[in-house]
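Taken in order, these protein sequences are the chains called A and B.
Numbering (the numbering used here) for the first sequence: 820 to 933.
Numbering (the numbering used here) for the second sequence: 14 to 126.
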Amino acid sequence: EAQVTQNPRYLITVTGKKLTVTCSQNMNHEYMSWYRQDPGLGLRQIYYSMNVEVTDKGDVPEGYKVSRKEKRNFPLILESPSPNQTSLYFCASSPYLSNTGELFFGEGSRLTVL
Amino acid sequence: GESVGLHLPTLSVQEGDNSIINCAYSNSASDYFIWYKQESGKGPQFIIDIRSNMDKRQGQRVTVLLNKTVKHLSLQIAATQPGDSAVYFCAALTWNAGNMLTFGGGTRLMVKP
């Protein structure tokens, strides 16, 4: 089944404790992206990647890192999480975003930073 | 920068009626406009898109209208069903901005039986 898989789906952590949210897609997509979703603010892009070893900042990259060593994986790293990073995170992928805006989203990862 | 907004946070319709969800955008250079549906506890799901050089596109029970003069986008759902209850997002894609996809805040559609 074609899908975008995120882990963990739910996580409660404490300020400063490094964490990684993994994202994997099995559709051989070039484009991958991370979004955070907050009430009243919609979906905001954190980082995106057009292909392997190519990553760029989105609207809200502060406090996050990403890597794209393989085509299928695009982990989101929070080196020192803070409470303002409590949010619902979505990973998404697309074969080629330059043609249309159709993204395939994961189920989301709800992160709480205490 | 781009901002994409929705006119109403919540829309309540009777089952079987038509629904119209509206969206305004700011960047006249946007190349594509997309509608997504997000059901509770799930990720957004693509519904339909429209290129900036079109003014109407139809799918199955859905129609998207684009008015570039007033920078307005709408999603029309015909014969709304309970399964249509969700939050709907519009988004704008701009190629010369690093293919950035900017989302609006979302409208919650509630379908009354």
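Note that the Cβ used here is the ideal one computed from N, Cα and C, for glycine as well.
Please read all numbers here as calculations on a predicted model, not as lab measurements.
Closer than 9 angstroms by beta-carbon distance: list the chain B residues that pair up with residue i, in chain order.
i: Q904(A); result: Per Cβ cutoff of 9 angstroms: no residues; Q904(A) is ~19 angstroms from chain B at best.
i: Q864(A); result: M113, L114, T115 and F116
i: E926(A); result: G54, K55 and G56
i: F893(A); result: Correct list: empty, because the minimum Cβ distance to chain B is about 15 angstroms.
Answer yes or no: does any C-beta atom of chain B fall closer than 9 angstroms to that of residue i?
i: E921(A); result: yes
i: S912(A); result: no
i: S937(A); result: Residue 937(A) is absent from the structure shown; chain A starts at 820 and stops at 933.
i: V885(A); result: no
i: Y867(A); result: yes
i: V932(A); result: no
i: Y854(A); result: yes
i: V833(A); result: no
i: V871(A); result: no
i: V823(A); result: yes
At a Cβ threshold of 9 angstroms, is residue i touching chain A?
i: Y45(B); result: yes
i: M113(B); result: yes
i: D62(B); result: yes
i: Q71(B); result: no
i: A37(B); result: no
What residues match up with residue i in a beta bridge as DSSP calls it?
i: N870(A); result: V873(A)
i: I98(B); result: First, the amino acid is wrong: residue 98(B) is Ser here, not Ile. Partner(s): none; S98(B) has no beta bridge.
i: G77(B); result: For clarity, residue 77(B) is Val in the given sequence; the question names Gly instead. The partner list for V77(B) (beta bridge, DSSP) reads R70(B) and L88(B).
i: L895(A); result: V840(A) and V885(A)
i: W113(B); result: First, the amino acid is wrong: residue 113(B) is Met here, not Trp. Note: M113(B) sits in a beta bridge opposite T107(B).
i: Y854(A); result: Q864(A) and F909(A)
i: S25(B); result: M123(B)
i: V932(A); result: T832(A)
i: Q904(A); result: Looking at the DSSP assignment, Q904(A) forms no beta bridge with any residue, so it has no partner.
i: N826(A); result: T841(A)
For residue i, which residues in chain A fall below 8 angstroms Cβ to Cβ?
i: G118(B); result: G859, L860 and G861
i: K50(B); result: The premise fails here: K50(B) is roughly 11 angstroms from chain A at the closest Cβ pair, so nothing lies under 8 angstroms.
Using a Cβ-Cβ cutoff of less than 6 angstroms, which residues in the same chain neighbour residue i once the five nearest sequence positions on both sides are dropped?
i: K837(A); result: E898
i: C36(B); result: L19, L86, C103 and G117
i: V879(A); result: R863 and I865
i: R70(B); result: I63 and V77
i: L88(B); result: I34, W48 and V77
i: D857(A); result: S906
i: H848(A); result: S912, S913 and P914
Once the 5 residues before and after residue i are set aside, which same chain residues still bring their CB inside 8 angstroms of it?
i: E872(A); result: R887 and K888
i: R74(B); result: I90, A91 and A92
i: Q51(B); result: P57, Q58, A99, V100, Y101, F102 and G119
i: K125(B); result: S25, V26, Q27 and E28
i: R828(A); result: E926, G927, S928 and R929
i: T905(A); result: L930, T931 and V932
Quick one: residues in its chain with C-beta nearer than 7 angstroms to the C-beta of residue i, no 5 flanking neighbours on either side, listed in chain order?
i: S901(A); result: T834, G882 and V932
i: D30(B); result: T93
i: N845(A); result: A821, Q822 and R891
Starting from residue i, find everything on chain A with Cβ-Cβ shorter than 7 angstroms and list it in chain order.
i: A104(B); result: G920
Please list, in chain order, the chain B residues whose beta carbon lies closer than 8 angstroms to that of residue i.
i: G877(A); result: M113
Secondary structure, beta strand (DSSP E): runs of 3+ residues fully inside the region 29–70 of chain B: Runs of the beta strand (DSSP E) lying entirely within the region 29–70 of chain B, each at least 3 residues long, are 32–38, 45–51 and 58–64 in chain order.
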